[in-house]
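Read the structure below first, then the notes.
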Amino acid sequence: MLAVLAKVGNPLIPFLHQMEVIMKRQRMLQIFSSLCLMLLGPVMLWADGVIVPVLPPELPIARLGNFYSVQYHRVHTDIQGQAAVTTVEQAFSNELNQLVEVQYVFPLPRGSVVSKFSLTVEGREIDGKIMDKAQARQIYENIVRRQRDPALLEYIGEGMFQTNVFPLPAKGLRSVKLVYTELLTADNGLIEYRYPLNTEKFSKKVLGEVRVEFSLSDHTPLKNVYSPTHNVRLTWDGDRRVKGHWADENVRPANDFRLFWKLSDDRMGATLFTYRPEPSEDGYFLFLASPQPVRKDEKILPKDLILVIDVSGSMAGEKIEQARKAGRFIVERLNPDDHFNVIFYSSSVDPVWDRLQPCGKFALKDALSRIDKVEANGSTNIHEALTTALKQFSKNDRPGYLIFLTDGLPTAGTTDLNKIAADAKVANKQRTRLFAFGVGYDVNAVLLDRLGADNFGLADYVPPGQDMEDKVSSLYSKIQSPALTDPSLDFGGVRVRDSYPQSLPDVFHGSQLVLTGRYRDTGSKTITLTGKTGQEKPAYSYNVNFAERTDREEFAFVARLWAQKKIGALIEQIRLNSSNQETIDEIVALSTRYGIMTQYTSFLAQEDVDIAVPKPVAEELHSLGETLSIQSGSAGVSQSMQSHEMQALNQTTPEAAYYDRTGTRVQVETVKIIGAKTFFHKPARWQDSQYKEGMKLTEVKQLSEEFIKLAGRFPDQAQYLTFAPHETIIAVIEGVAYRFTPAN
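FYI, in the numbering used here the residues of the sequence shown are 1 to 744.
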C-alpha cells in the first residue's frame, strides 16, 4: 500500500536554505521519520511506500489525512516464471503551502525475497538501502512508545527499504516511480503475487485513477489464474501467457491486490484453498477448476442454442434496438458446428425455423435479416414462447442453452405464474440450461428466478438505464465454448456440507468452476471431477490436502466468500419457496459473523443493537420473511439482483455495503471488515462479532508494555488492536476476549 506522511516545514525558511540543512538532519531521520509513520492510524499489515518527513522534532506534525492527496496510482507487474518485476507510478500532491522534505520508506512484503529497489523522483534516481526485520522491529516499537500511537505495530515482523531525502514543493506535484524485483515462492504448487493498495484510503481525497495491470508467463501451462480481491479481466495468449487488468476511478482502495495461479499440464487444472482456524469446527474450502484455453487447431465442443426475444409493444423504442444488437452479437459469434434458432414472441410465437438449424452461411444470413427487421407490438405470451423453445431441443451429444428475454408480465395465453414455471420444467426433457433476462422493473422476478433455478441456469436483470446488449453479450461470451458439461465432483470420502453452488454449472473455456463449502475430514485425499465432453466422459483426479488447521489470516477470504454465497442462496430459497425461523436466523448469524450486509440485516449496523445479546436481535426479525416475498417492481428486481450477485461474485470486498429496495448501493460506516474479523460500532466501542454475551474480558491499555508484547506475539492479528487508537476495541484473539482501552 502506499501512504504519504509528512511533517510540515517552516514557511519562512527559503527553499535553498532548507536544502542545505537536509544533510544535517539526516542523523535524526531514522527516528523522526519513523515517528511520523505512526500517524497512519488504521493500516493493514502489508504496505507499499510511505513518504516520511525530515524535520526537527519541535515542529508540529501534519496528520496524514490533512496533508496530501494521490492523483493516480498505476501498477504494472511482469511475472516470468516466479520472478516478478513491479513498476509503480504515482503522483503525490502536497495540499499545504509549505515545502516538505521527505524520504521514501517501503515495508517489505512478508516472506518475499525482494531486491533491486529503484526509486525515481521526477526523473532523478534516489539511493536507498534495505533494513532487516530486527532493525525495523526495534524502530517500530520505539516509535510506538515515543509517539503514543499504536498504528505502527501493524508492521512488526517486516523489513524495510529506505531512500535518501528529496523535496515535495508547496502546493506542488511529485511523480514517483518505484521499480522492484521479488522472487515469488510456491506453496504446494500454488503461487501468489500480492500488491498492497489499501493505505490509499488514508489519502485526503479519492484517487482520480487506480490501475493494476500484469503479464504472467511460464514454460508450464498456467491454471486457475484467480484474484479473490479484484474482478480482473484476463486476456489469454495460448495457455502459457495471460494478461490481466483492473481499474477504477475516484475511489479509495481498501483491499490489497492478490493473484493466485498454479502450473499444470493437466487438461483441466484444479486448485484447492482451505481455511480452518479452529480444529474443533468444520473447515472452509474453495475449489477452482479451469480448462486449457482453446488452441487454434482445437475443435470446440458444439452446442445447441435458442435465443427467445420479447417483441411485445412495451419493447418498442430503445429496448427493441438493444435486443436487435444483442441478437446480432450472439448469432455472429456462433461456432461453426453449433445448431441454433431465434424465436420472437408477443401475443403469439414466431420462430425463424420450426427446428434448430446447423450454423451455416445461409442460416446465419436468414437469422440476422429477421433480427434486423423485427418490430415491437402486441401482448406477452411467455408460456407459449418457453414451451415452444424447450420442445425444439432433442437428445444428442450437444449441450443445450436457451437465452430468454422479457420486459413484462405474462399478458397473453397462460398467465398463471406457477403453471408457466411448472410447464417449462416439464417441457425441458433434455436438461437445457435456461438463462432468463428481465428488462426493466415490470417483470416478475420470482418467476424468472424459478425458471433459471428449475432449468439448470439463472436469471439476470437489466434495470432502467442499463444496456441490455452489454448484459446479454457478456453472458454469451462466457458460455460460448463449453469444455465440460454436467460436471460432478467426488470428494474421495471427505465429508463436505453447504457447498455452493448447490448444482455445479457447466465449465467453459476461458472461465473456471468455483465451488465453496465446509469440510470435516482432513488429510491428503484424492478428489475426482467428471462430466461430459461430447461423446467423451472424462475424469480428472487431483491429490489435495484438507488442512487440519490453517489459521493464516491471508486465507480468511475463503470463509467470507463461502458465507457470501450461502447468504445469497438462503435469501433466494426464501424468495422462491417460503421462510422459516431457522433460515432467517441463519442469515442473520452469517451476516453478523462476516459483516456481509443485506437490506434485510442492515439493522445489525445500528449502534443501539447489541449483537452480543440475542434477544434484541431476534425482535428485529419478525418482518424479514414478509420483506423477502416481494415479487415485482424495483424492490423485487433489486432483491433478486442482490441474491444473484452474492452467489455469482467470486471476490470478497473489504467494505460493508448492500443494495436497498431501489437498487442503490448503501455504504455502512458502522461496520469494519478487517482481515478475518468484523467489527461493529456500538456506543463508545468497536466490538468484534465473535464476542458473545458473558465472555470474560481481559483489560489491556493501548500502548502499555502488555499491549506491545501482545502485538509481537500475534503479528498477524496486530491489525485488530490498532485500527481505532482513540476508541475502545473489544477483540477476540486466540479464544480470549480483550478490551483495549485508549492510552489517553
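Glycine is no exception: its CB is placed at the ideal position from the N, C-alpha and C atoms.
Is residue 664 helix, strand or coil when you go by DSSP?
Counting from one through the sequence shown, the residue named residue 664 turns up at place 664. Here residue 664 sits in coil by DSSP.
Thinking C-alpha only, which one of 544, 550, 113, 385 is nearest residue 310?
Here residue 310 refers to the residue found at position 310 when the sequence shown is read from its first residue. The residue from 544, 550, 113, 385 with its alpha-carbon nearest to that of residue 310 is 385.
Identify the residues that DSSP records as bridge partners of residue 343: which are they?
What you label residue 343 is simply residue 343 of the sequence shown in a count that begins at 1. Paired residue(s): 308, 351.
Through-space distance from residue 279 to residue 722, alpha-carbon basis
Along the sequence shown, one-based indexing puts residue 722 at 722. Along the sequence shown, one-based indexing puts residue 279 at 279. C-alpha separation (whole angstroms): 27 Å.
Top-ranked residue by Cα proximity to residue 233, from 244, 225, 709, 125:
Within the sequence shown, the letter at position 233 stands for residue 233. The shortest Cα separation from residue 233 among 244, 225, 709, 125 belongs to 244.
Going by other Cβ atoms of all chains shown within 10 Å of its Cβ, with 16 needed for buried, is residue 474 buried or exposed?
Taking the sequence shown and counting its residues from 1, the one referred to as residue 474 is at position 474. Residue 474 comes out exposed.
Return the chain-ordered list of same chain residues with a C-beta closer than 6 Å to the C-beta of residue 687, the five sequence neighbours on each side being excluded.
Counting from 1 along the sequence shown, the entry for residue 687 is found at position 687. Around residue 687: 680, 730.
So residue 520 and residue 282 are in contact, right, with Cβ under 8 Å, and what is the actual spacing, rounded?
Locating residue 520 in the sequence shown gives position 520, where the first residue counts as 1. Locating residue 282 in the sequence shown gives position 282, where the first residue counts as 1. That pair is a contact at about 5 Å.
Boundaries of the beta strand (DSSP E) in which residue 403 is found, first to last residue
The sequence position of residue 403 within the sequence shown is 403, counting from 1. Counting along the chain, the beta strand (DSSP E) containing residue 403 begins and ends at 400–406.
Supposed close pair residue 562, residue 517 - CB separation, criterion 8 Å
Within the sequence shown, residue 562 is the residue found at index 562, counting from 1. Within the sequence shown, residue 517 is the residue found at index 517, counting from 1. At roughly 7 Å, the Cβ-Cβ gap stays under 8 Å, so residue 562 and residue 517 are in contact.
If the criterion is Cβ atoms closer than 9 Å, does the pair residue 438 and residue 407 meet it?
The residue you call residue 438 lines up with position 438 of the sequence shown. The residue you call residue 407 lines up with position 407 of the sequence shown. Using a Cβ distance threshold of 9 Å, residue 438 and residue 407 count as a contacting pair.
What would DSSP say about residue 328, mapped onto helix, strand or coil?
What you label residue 328 is simply residue 328 of the sequence shown in a count that begins at 1. Residue state, collapsed to three classes: helix.
Supposed close pair residue 714, residue 275 - CB separation, criterion 8 Å:
Position 714 of the sequence shown holds residue 714. Position 275 of the sequence shown holds residue 275. A Cβ-Cβ separation of about 17 Å leaves residue 714 out of contact with residue 275 under the 8 Å criterion.
Heavy atom of the ligand ATP within 8 Å of residue 602 beta-carbon:
Ligands in the displayed structure: none, and consequently the ligand ATP is not present.
Measure the Cβ-Cβ separation of residue 169 and residue 119 and say whether it is below 9 Å.
Along the sequence shown, read from residue 1 onward, the residue named residue 169 stands at position 169. Along the sequence shown, read from residue 1 onward, the residue named residue 119 stands at position 119. Result no, Cβ atoms of residue 169 and residue 119 do not sit closer than 9 Å.
Would you report the Cα separation of residue 505 and residue 476, rounded to the nearest angstrom?
Looking up residue 505 in the sequence shown gives position 505. Looking up residue 476 in the sequence shown gives position 476. Cα to Cα, residue 505 sits roughly 15 Å from residue 476.
Return the first residue and the last residue of the beta strand (DSSP E) that residue 273 is part of.
Within the sequence shown, numbered from 1, the residue matching residue 273 stands at position 273. Residue 273 -> beta strand (DSSP E) spans 268–275.
DSSP state of residue 280, grouped into three classes?
If you number the sequence shown from 1, residue 280 lands on position 280. Residue state, collapsed to three classes: coil.
Measuring CA to CA, which of 307, 303, 487 is closest to residue 397?
On the sequence shown, position 397 is the one that residue 397 refers to. Checking every option, the nearest Cα to that of residue 397 belongs to 303.
If you draw a straight line from the C-alpha of residue 96 to the C-alpha of residue 69, how long is it?
By 1-based counting over the sequence shown, the position of residue 96 is 96. By 1-based counting over the sequence shown, the position of residue 69 is 69. Between residue 96 and residue 69, the C-alpha separation is close to 11 Å.
Please give me, in chain order, every unbroken run of the beta strand (DSSP E) with length at least 3 that falls completely inside the stretch 415–479.
433–439, 458–462
Go ahead and label residue 736 buried or exposed: buried means 16 or more other beta carbons lie within 10 angstroms of its beta carbon, across all protein chains shown.
Here residue 736 corresponds to residue number 736 of the sequence shown, with the count starting at 1. Under this definition residue 736 is an exposed residue.
Nearest-angstrom Cβ-Cβ length linking residue 697 and residue 738, presumed shorter than 8 Å:
The count along the sequence shown starts at 1 and reaches residue 697 at position 697. The count along the sequence shown starts at 1 and reaches residue 738 at position 738. Right, their Cβ atoms sit about 7 Å apart.
Chain-order list of residues whose beta-carbon lies under 6 Å from that of residue 454 (same chain, five-residue window excluded):
Translated into positions along the sequence shown, residue 454 becomes position 454. The answer, listed in chain order, is 425.
Sub-9 Å separation of residue 414 and residue 380 beta-carbons
Translated into positions along the sequence shown, residue 414 becomes position 414. Translated into positions along the sequence shown, residue 380 becomes position 380. Not a contact, by the Cβ cut-off of 9 Å.
Length of the line joining the Cα atoms of residue 356 and residue 522:
Taking the sequence shown and counting its residues from 1, one reaches residue 356 at position 356. Taking the sequence shown and counting its residues from 1, one reaches residue 522 at position 522. Cα to Cα, the separation comes out at about 49 Å.
Among the residues of its own chain, which have a CB less than 6 Å from the CB of residue 747, if the five just before and after it don't count?
Past the edges of the chain, shown from 1 to 744, lies residue 747, and the structure says nothing about it.
Residues sharing a beta bridge with residue 508, DSSP
Counting from one through the sequence shown, the residue named residue 508 turns up at place 508. Paired residue(s): 482.
What are the start and end residues of each continuous alpha helix (DSSP H) run of 4 or more residues lying completely inside the stretch 106–180, in chain order?
Counting whole runs of 4 or more residues, the stretch 106–180 contains the alpha helix (DSSP H) stretches 133–147.
Can you name the start and end residues of the beta strand (DSSP E) that residue 681 belongs to?
The count along the sequence shown starts at 1 and reaches residue 681 at position 681. 677–682 is the span of the beta strand (DSSP E), which, as asked, contains residue 681.
Which residue's Cα is closest to the Cα of residue 440: 166, 229, 641?
Along the sequence shown, read from residue 1 onward, the residue named residue 440 stands at position 440. Checked all of 166, 229, 641; the closest Cα to residue 440 is 641.
CA-to-CA distance, residue 594 to residue 741, given in whole angstroms
Position 741 of the sequence shown holds residue 741. Position 594 of the sequence shown holds residue 594. Straight-line Cα distance between these residues: approximately 24 Å.
Tell me whether residue 734 sits in a helix, a strand or coil according to DSSP, three-state version.
Looking up residue 734 in the sequence shown gives position 734. Coil, per DSSP.
Coarse secondary structure for residue 356, derived from DSSP in three states:
On the sequence shown, residue 356 is found 356 positions in, with the first residue counted as 1. Coil.
In angstroms with no decimal places, state the Cα-to-Cα distance between residue 78 and residue 242.
In the sequence shown, residue 78 corresponds to position 78, counting from 1. In the sequence shown, residue 242 corresponds to position 242, counting from 1. When rounded, the distance between both Cα atoms is 11 Å.
Determine contact between the stretch 387–405 and the stretch 361–378, defined as no fewer than three beta-carbon pairs at a distance below 8 Å.
The stretch 387–405 is not in contact with the stretch 361–378.
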